[in-house]
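A short worksheet on the structure shown next.
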DNA sequence: TTAATATATGAACAATAGTTCAAATAATCC
DNA sequence: GGATTATTTGAACTATTGTTCATATATTAA
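Chains as they are written, first to last, in the numbering used here: chain S, 1 to 124; chain W, 125 to 248.
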């Protein structure tokens, strides 16, 4: 984890004041793929509607219209976001009759969510 | 932390299948303000450039042009993002001559970043 | 099969985000 | 002071995002 960045930029014309620090700090950048995935993971948590959806599902599975009712938004809007979360394996789902019940799947995201919730009160 | 949502939506015409679950799950939603802040916090970590900037600053302060050189992006682009991070108190800065040295300030964000990095390898 | 229910999907739209470019500050050096 | 260096700022531009609306699919019930 956290291998040096493999991107060989054209630093030829880049202005640099402390080449040593730049060299050293560059190693702190995770590889491009990891950064991309990390950004995507955080990004998916960076929306109020999706956060509420995840919060609401912490206590157990729910069907689409109930989730929508919980948040006070359109079922269509919820469905679109559910799909995003489902596609990225943050949610599982199960059909029972005409209803689809969604539930949390990824414990990593749950952890991040929990940590965020614990800290948000202290955030400036 | 995690008080019931105060938003009194117009659920009049909302379709609901399990009113009890909706009622119960609704309490899992943090208050609107917290959700908003949490989303903002996650959102700021949801961009590759900003993530790299934070990673690069983990080992110590750096000036703008060096950060830009590290990431291989324009100084202007870095400056714009630095301002966002600075405005939200994620970074501090210090002037020395003509250079401005930025450094990490918020330990909460550092923690989130660290947790994310530890998990990103296992993420699907 | 037809009607009704529950959810998904796609196009369209407005809003937002990130980068670039040019120009403006700010601090130093001569 | 004027020139140079380091960074900031604002406007413009493109790309992306989240929602809405209308429609499509899927399951059940009659």
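C-beta atoms are modelled at their ideal positions from N, C-alpha and C, and glycine is treated no differently.
Please state whether the Cβ-Cβ distance between residue 227 of chain W and residue 215 of chain W is less than 8 angstroms. Translated into the one-based positions of the second chain, residue 227 of chain W becomes position 103. Translated into the one-based positions of the second chain, residue 215 of chain W becomes position 91. Yes, Cβ-Cβ distance for residue 227 of chain W and residue 215 of chain W is below 8 angstroms.
Is it true that the CB of residue 38 of chain S sits closer than 8 angstroms to the CB of residue 240 of chain W? Here residue 240 of chain W is taken as the residue at index 116 of the second chain, counted from 1. Here residue 38 of chain S is taken as the residue at index 38 of the first chain, counted from 1. Against a cut-off of 8 angstroms, the Cβ pair of residue 38 of chain S and residue 240 of chain W comes out as a contact.
With distance defined between alpha-carbon atoms, name the residue in S:75, S:20 and S:105 nearest to residue 139 of chain W. Locating residue 139 of chain W in the second chain gives position 15, counting from the first residue. Closest by alpha carbon: S:75.
Alpha carbon to alpha carbon, what distance is there between residue 186 of chain W and residue 176 of chain W? To locate residue 176 of chain W, count along the second chain from 1; it is residue 52. To locate residue 186 of chain W, count along the second chain from 1; it is residue 62. The alpha-carbon atoms of residue 176 of chain W and residue 186 of chain W are separated by roughly 13 angstroms.
Give a yes or no on whether 8 angstroms exceeds the smallest Cβ distance from residue 244 of chain W to chain S. To locate residue 244 of chain W, count along the second chain from 1; it is residue 120. Residue-level contact check: residue 244 of chain W touches chain S, since one or more beta carbons of chain S fall below 8 angstroms from its beta carbon.
Neighbour-count burial assignment, residue 46 of chain S, 16 or more Cβ in a 10 Å radius: Stepping through the first chain from its first residue, residue 46 of chain S is reached at position 46. Here residue 46 of chain S is buried: its Cβ has 16 or more other Cβ atoms, across all protein chains shown, within 10 Å.
The alpha helix (DSSP H) enclosing residue 75 of chain S, as first and last residue numbers: Counting from 1 along the first chain, the entry for residue 75 of chain S is found at position 75. 75-87 is the extent of the alpha helix (DSSP H) around residue 75 of chain S.
Have a look at residue 225 of chain W and residue 191 of chain W and give me their C-alpha separation to the nearest angstrom. Residue mapping note: residue 225 of chain W aligns to position 101 of the second chain, counting from 1. Residue mapping note: residue 191 of chain W aligns to position 67 of the second chain, counting from 1. In this structure, the alpha-carbon of residue 225 of chain W lies about 10 angstroms from that of residue 191 of chain W.
Test item: CB-CB of residue 172 of chain W and residue 36 of chain S under 8 angstroms: Numbered from its first residue, the second chain carries residue 172 of chain W at position 48. Numbered from its first residue, the first chain carries residue 36 of chain S at position 36. Yes. Within cutoff.
Excluding sequence positions up to five away, which residues of its chain have a Cβ less than 7 angstroms from the Cβ of residue 229 of chain W? Here the question's residue 229 of chain W lines up with position 105 in the second chain. Beyond the five residues adjoining it in sequence on each side, residue 229 of chain W comes within less than 7 angstroms, by CB distance, of 213, 214, 215 and 216 in the same chain, given in chain order.
On the three-state DSSP scale, how would you describe residue 54 of chain S? By 1-based counting over the first chain, the position of residue 54 of chain S is 54. Three-state DSSP puts residue 54 of chain S in a helix.
On a Cα-Cα basis, can you pick out the residue from S:110, S:23 and S:64 that is closest to residue 95 of chain S? Sequence index remark: in the first chain, residue 95 of chain S carries index 95 (1-based). The residue with the shortest Cα to Cα distance from residue 95 of chain S is S:64.
Please confirm whether residue 41 of chain S and residue 146 of chain W have their CB atoms less than 8 angstroms apart. As a first step, residue 41 of chain S must be located in the first chain, where it is residue number 41. As a first step, residue 146 of chain W must be located in the second chain, where it is residue number 22. No; because the gap between Cβ atoms is not below 8 angstroms, this pair is not in contact.
Boundaries (first-last residue) of the beta strand (DSSP E) holding residue 217 of chain W: Within the second chain, numbered from 1, the residue matching residue 217 of chain W stands at position 93. Membership of residue 217 of chain W in the beta strand (DSSP E) is indicated by the continuous run 215-220.
Starting from the C-beta of residue 297 of chain W, find all residues in its chain whose C-beta is less than 7 angstroms away, skip the five residues before and the five after it, and write them out in chain order. An answer regarding residue 297 of chain W cannot be provided, because it is not within the stretch 125 to 248 covered by chain W.
Since residue 113 of chain S is in the alpha helix (DSSP H), which residue starts that stretch and which ends it? As a first step, residue 113 of chain S is located in the first chain; it is residue number 113 there, counting from the start. Counted as a single uninterrupted DSSP element, the alpha helix (DSSP H) harbouring residue 113 of chain S occupies residues 107-120.
To the nearest angstrom, how far is the alpha carbon of residue 34 of chain S from that of residue 108 of chain S? On the first chain, residue 34 of chain S is found 34 positions in, with the first residue counted as 1. On the first chain, residue 108 of chain S is found 108 positions in, with the first residue counted as 1. A straight line joining the alpha-carbon of residue 34 of chain S with that of residue 108 of chain S spans about 15 angstroms.
My output table needs one value for residue 139 of chain W: the three-state DSSP class, helix, strand or coil. Here residue 139 of chain W refers to the residue found at position 15 when the second chain is read from its first residue. Of the three classes helix, strand and coil, the one that applies to residue 139 of chain W here is coil, per DSSP.
Determine, for residue 91 of chain S, whether the minimum Cβ-Cβ distance to residues of chain W falls below 8 angstroms. In the first chain, the residue the question calls residue 91 of chain S occupies position 91. Interface residue (Cβ-Cβ distance to chain W less than 8 angstroms): residue 91 of chain S is not classified as such.
Using a Cβ-Cβ cut-off of 8 angstroms, state whether residue 77 of chain S counts as contacting chain W. The residue given as residue 77 of chain S occupies position 77 in the first chain. It does not; no Cβ of chain W falls within 8 angstroms.
Which residue marks the beginning of the alpha helix (DSSP H) containing residue 38 of chain S, and which one marks its end? In the first chain, the residue the question calls residue 38 of chain S occupies position 38. Residue 38 of chain S: member of the alpha helix (DSSP H) spanning 32-44, first to last residue.
Comparing C-alpha positions only, which one of S:98, S:120, S:121 and S:119 sits nearest to residue 141 of chain W? To locate residue 141 of chain W, count along the second chain from 1; it is residue 17. If we check each option's Cα against that of residue 141 of chain W, S:98 comes out closest.
Pull out every residue of the region 133-167 of chain W whose Cβ sits closer than 7 angstroms to any Cβ of chain S, in chain order. Within the region 133-167 of chain W, the residues whose Cβ lies closer than 7 angstroms to some Cβ of chain S are 133, 135, 138, 139, 140, 141, 142, 145, 146, 148, 149, 150, 152, 153, 154, 158, 159, 160, 161, 162, 163, 165, 166 and 167, listed in chain order.
Alpha carbon of residue 29 of chain S to alpha carbon of residue 180 of chain W, nearest angstrom: For the purposes of this step, residue 29 of chain S is identified with residue 29 of the first chain, where counting begins at 1. For the purposes of this step, residue 180 of chain W is identified with residue 56 of the second chain, where counting begins at 1. The alpha-carbon separation between residue 29 of chain S and residue 180 of chain W amounts to approximately 6 angstroms.
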